[in-house]
Amino acid sequence: MGITLGNFIAKKTADLMNEADAIVLGQCLTAVGWVAGTVPSWVNKKNIIELSMADVANGGIAVGAALNQNKPVIYVVRYQGFLWYNAISIVNYAAKSKEMFDIGCPLLVRAIAMEGAIGPVAGNSQHSLVLRMPGINVFEPMTVNEWEFSWDYHQSQRDLPTIIFEHRLSYNNEEEFSNILRDKSRLTIVSISAARLAMVESTQKLDAENYQCDYFHLFKLSPLVWPEDLINSVKETKKLLILDSDYDDFGIAESLAFKFSKLVECETFVMGLKRKSAGFSRITDNLTPNADMIVSKVKEILG
Amino acid sequence: MNTEKIFASNMLKIYEKMFFCREFELKVVEAHKSGQINIPIYLSIGQESIPSTISTFFDTGIPIFAQHRAHSYFLSFGGDPMHLVGELKSSTNIWSKGSGGSASISSKSIQMFGHSGLMGDQVPIAVGYCLSTNSPVLSVVGDASLEEDYVISAFMYAISKNLPFLFICEDNNLSILTPKIDRRNWEFTPVVKAMGGLAFDVDDNPASIWESLSQWEKDRPMFINIRTNRHYWHAGSGEDAKPAEDRLKLFRNYVETIYDLRDIEAIEKKAIMNVGSLWE
Chain A
39 MGITLGNFIA KKTADLMNEA DAIVLGQCLT AVGWVAGTVP SWVNKKNIIE LSMADVANGG
99 IAVGAALNQN KPVIYVVRYQ GFLWYNAISI VNYAAKSKEM FDIGCPLLVR AIAMEGAIGP
159 VAGNSQHSLV LRMPGINVFE PMTVNEWEFS WDYHQSQRDL PTIIFEHRLS YNNEEEFSNI
219 LRDKSRLTIV SISAARLAMV ESTQKLDAEN YQCDYFHLFK LSPLVWPEDL INSVKETKKL
279 LILDSDYDDF GIAESLAFKF SKLVECETFV MGLKRKSAGF SRITDNLTPN ADMIVSKVKE
339 ILG
Chain B
157 MNTEKIFASN MLKIYEKMFF CREFELKVVE AHKSGQINIP IYLSIGQESI PSTISTFFDT
217 GIPIFAQHRA HSYFLSFGGD PMHLVGELKS STNIWSKGSG GSASISSKSI QMFGHSGLMG
277 DQVPIAVGYC LSTNSPVLSV VGDASLEEDY VISAFMYAIS KNLPFLFICE DNNLSILTPK
337 IDRRNWEFTP VVKAMGGLAF DVDDNPASIW ESLSQWEKDR PMFINIRTNR HYWHAGSGED
397 AKPAEDRLKL FRNYVETIYD LRDIEAIEKK AIMNVGSLWE
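Encoded structure:
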């Protein structure tokens with residue numbers, strides 16, 4: 039048995055605290071659950087810094103702590119929806135500090151998405167919120183290797199802040215995902231965040247119905263490098279579907295589709311959250327597209 | 157040596173900084189009016205006594221997180237005046253290529269961090285820096301930025317954690333042109349005291365500022381609201397209504413009672429010459 043992503047994040051954090059004197063800042067980190075078990079409960083508590091409930095100030099405090107550059111600083115934002123408060127200093131100061139003031143701000147932000155009966159703010163992914171801002175690295179790991187890559191990348195260049203957009207749906211995941219390329223595919227599907235888990239599930243269903251598609255997992259969003267085999271795939275299929283767990287309208291999915299269409303002439307489609315608020319009840323909720331919804335979308339595209 | 161004697165021995169140095177800052181800013185006014193400067197400028201004329209006194213008090217330096225209207229902090233703490241001229245003139249010959257302008261100036265050599273432009277966001281950032289370094293940090297706001305929610309909550313967090321955080325409010329009573337009385341019915345000093353913090357409310361006489369700073373043992377945050385007079389507009393080179401008093405002139409009169417006039421005049425002459433050479 040491998041290690042789950044949630045347990046890996048906790049273990050990696052503990053190692054960073056013990057070996058590099060890393061500090062972890064956030065709200066209610068030591069409360070019941072320890073942020074879904076991703077903050078280590080077994081380490082020296084002096085490196086876990088509980089902030090007040092003032093979200094807007096807390097983002098700035100985390101940025102200031104990272105400006106010191108003498109130790110890794112990890113800032114946990116419990117719900118991605120809370121970034122509407124917390125992102126202020128991250129995107130307006132940390133992301134600009136090197137360019138404007140020649141002082142790097144190597145802050146690592148873990149922004150965690152959740153969904154399902156959790157309401158209009160906590161119940162959404164919000165990665166589109168910050169991706170448009172320059173000066174920030176953005177990763178969306180759903181696996182252990184991807185999270186480790188994200189951390190290593192962050193460590194390898196010490197000037198810019200990094201936001202790791204996590205999703206609670208992935209915390210129990212032990213698998214690594216590979217892109218799937220088929221002969222005579224008619225559609226290329228690229229998926230981001232928790233929509234990747236649904237895409238994996240949809241693969242078997244689409245195979246069973248003989249819908250030949252290529253499947254790509256995208257977790258490095260900024261800096262964005264299109265994989266060569268993705269480019270080649272779309273050159274063949276001429277059709278690109280982007281799946282996301284954020285809103286597709288005016289979000290990452292549409293932005294990526296537009297960018298890609300400039301690269302390779304193709305028809306583009308997007309699928310993400312509906313353009314509505316997420317209520318608490320099942321009927322009013324707004325969730326990442328599931329496997330059945332993806333299958334329907336593919337059928338709609340391919341006829 | 158007691159506080160008064162220490163202050164007396166530093167008065168000339170404080171005056172020298174105040175005068176230099178005034179001369180510098182008056183040249184900025186000229187350059188702005190003549191079109192040499194084409195960016196928004198935020199002048200510290202009338203408020204020079206505050207950074208001049210604080211920088212003299214912390215003569216070995218302290219990390220600074222200020223915002224716009226901070227030319228005098230940059231200069232008083234030893235920032236390169238030529239660099240500031242370059243910022244104001246949008247020079248491509250300086251490392252920042254003029255990106256800091258007037259409002260977002262910074263200097264690694266004096267540990268002055270830049271400002272994003274969001275009023276007051278330097279306070280939570282400074283609190284975080286202080287939390288991480290656990291050594292004294294200075295953050296400066298105006299009376300308008302003090303009203304930003306993150307300013308108050310960040311400072312309260314500093315109080316909760318007993319951080320060595322020095323928080324200065326340059327209270328010129330104006331946000332653009334809106335006086336405090338139209339914006340709020342509270343003062344921050346009693347709020348800080350009520351939260352268990354150390355706080356003072358003083359005028360911008362260097363002696364008052366020095367006395368307040370002397371109370372700080374750096375074992376917890378301290379807030380000083382310093383009432384002062386802005387002489388020029390919020391932005392630009394236009395003049396506000398004639399201020400009730402000019403601290404530079406008042407302080408000069410006081411310095412004259414202690415120091416030789418020839419020493420004072422020599423300082424002034426040197427400053428005028430040095431500032432003039434910056435703009436040639």
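Chains as they are written, first to last, in our numbering: chain A, 39 to 341; chain B, 157 to 436.
For glycine and all other residues, C-beta sits at the position ideal for the given N, C-alpha and C.
On a predicted model such as this, the values are computed, not experimentally measured, just so you know.
**Request:** With residue 251 (chain A) as the anchor, note down where its beta strand (DSSP E) starts and where it stops.
**Result:** 251-255
**Alpha-carbon spacing of residue 200 (chain B) relative to residue 194 (chain B), whole angstroms** = 18 Å
**Request:** With DSSP as the reference, label residue 280 (chain B) as helix, strand or coil.
**Result:** helix
**Asked** For residue 222 (chain B), which of B:213, B:207, B:216, B:236 has the nearest alpha-carbon?
**Response** B:207
**Message:** Assuming residue 201 (chain A) and residue 282 (chain A) are in contact, meaning their beta carbons sit under 8 Å apart, how far apart are those beta carbons, in whole angstroms?
**Reply:** Not confirmed; about 16 Å, so no contact.
**Prompt:** Curious, which full-length beta strand (DSSP E) runs of at least 3 residues does the region 200-242 of chain A contain?
**Reply:** 200-205, 225-229
**Asked** Which chain B residues are close to residue 106 (chain A), counting only those with a beta carbon under 8 Å from its beta carbon?
**Response** 285, 288, 289
**Asked** According to the Cβ coordinates, are residue 325 (chain B) and residue 266 (chain B) closer than 8 Å?
**Response** no
**Prompt:** Where does residue 304 (chain A) fall in DSSP's three states?
**Reply:** coil
**Item:** Buried versus exposed call for residue 429 (chain B) [16 or more other C-beta atoms within 10 Å across all chains shown]
**Value:** exposed
**Item:** Coarse secondary structure for residue 236 (chain B), derived from DSSP in three states
**Value:** coil
**Prompt:** What does DSSP give as the partner residues of residue 113 (chain A) in its beta bridges?
**Reply:** A:63, A:147
**Asked** Under 8 Å between the Cβ atoms of residue 183 (chain B) and residue 347 (chain B)?
**Response** no
**Asked** With burial defined as no fewer than 16 other Cβ atoms inside 10 Å of the residue's Cβ, what is the status of residue 256 (chain B): buried or exposed?
**Response** buried
**Message:** For a cutoff of 8 Å on Cβ pairs, would you count residue 282 (chain B) as touching chain A?
**Reply:** yes
**Request:** Check the Cβ of residue 59 (chain A) against every Cβ in chain B and list those closer than 9 Å, keeping chain order.
**Result:** None at all; the shortest Cβ gap to chain B is about 11 Å.
**Item:** Per-residue burial, residue 170 (chain A) [other beta carbons within 10 Å of its own, 16 or more giving buried]
**Value:** exposed
**Prompt:** Hey, how far is the Cα of residue 160 (chain A) from the Cα of residue 163 (chain B)?
**Reply:** 55 Å
**Request:** Might you give, ordered along the chain, the residues of its own chain that have their beta carbon closer than 6 Å to the beta carbon of residue 390 (chain B), omitting 5 neighbours on each side?
**Result:** 332
**Item:** Min CB distance residue 274 (chain B) to chain A below 8 Å
**Value:** yes
**Request:** Would you please verify whether the beta carbon of residue 84 (chain A) is less than 8 Å from any beta carbon of chain B?
**Result:** no
**Local Cβ density within 10 Å of residue 148 (chain A), reported as buried at 16 or more and exposed below that** = buried
**Asked** Would you call the region 328-338 of chain A and the region 235-243 of chain A touching, i.e. three or more CB-CB distances under 8 Å?
**Response** yes
**Prompt:** Taking C-alpha atoms, which residue in B:197, B:276, B:174, B:316 lies nearest to residue 210 (chain B)?
**Reply:** B:174
**Asked** Is it a yes or a no for the region 104-114 of chain A touching the region 134-150 of chain A, going by three-plus beta-carbon pairs under 8 Å?
**Response** yes
**Message:** Counting only beta-carbon separations shorter than 8 Å, does residue 259 (chain B) have a partner in chain A?
**Reply:** no
**Prompt:** Applying the criterion that 16 or more other CB atoms from any shown protein chain within 10 Å of the CB defines a buried residue, is residue 350 (chain B) buried or exposed?
**Reply:** exposed
**Item:** Proximity to residue 188 (chain B) [Cα-Cα], best of B:329, B:392, B:414
**Value:** B:392
**Proximity of residue 224 (chain B) and residue 180 (chain B) at Cβ, strictly below 8 Å** = no
**Nearest-angstrom Cα separation, counted from residue 192 (chain B) out to residue 421 (chain B)** = 29 Å
**Asked** So, does the CB of residue 306 (chain B) fall closer than 8 Å to a CB anywhere in chain A?
**Response** yes
**Prompt:** In whole angstroms, what separates the C-alpha of residue 152 (chain A) from that of residue 297 (chain A)?
**Reply:** 28 Å
**Prompt:** Among A:195, A:211, A:263, A:316, which residue has its Cα nearest to the Cα of residue 284 (chain A)?
**Reply:** A:316
**Item:** Neighbour list for residue 117 (chain A) in chain B, Cβ cutoff strictly below 9 Å
**Value:** Simply none; closest approach about 19 Å.
**Request:** Could you please give the first and the last residue of the uninterrupted alpha helix (DSSP H) stretch that includes residue 133 (chain A)?
**Result:** 133-139
**Check whether residue 115 (chain B) and residue 417 (chain B) have beta carbons under 8 Å apart** = The requested residue 115 (chain B) is not part of the displayed model; chain B covers only 157 to 436.
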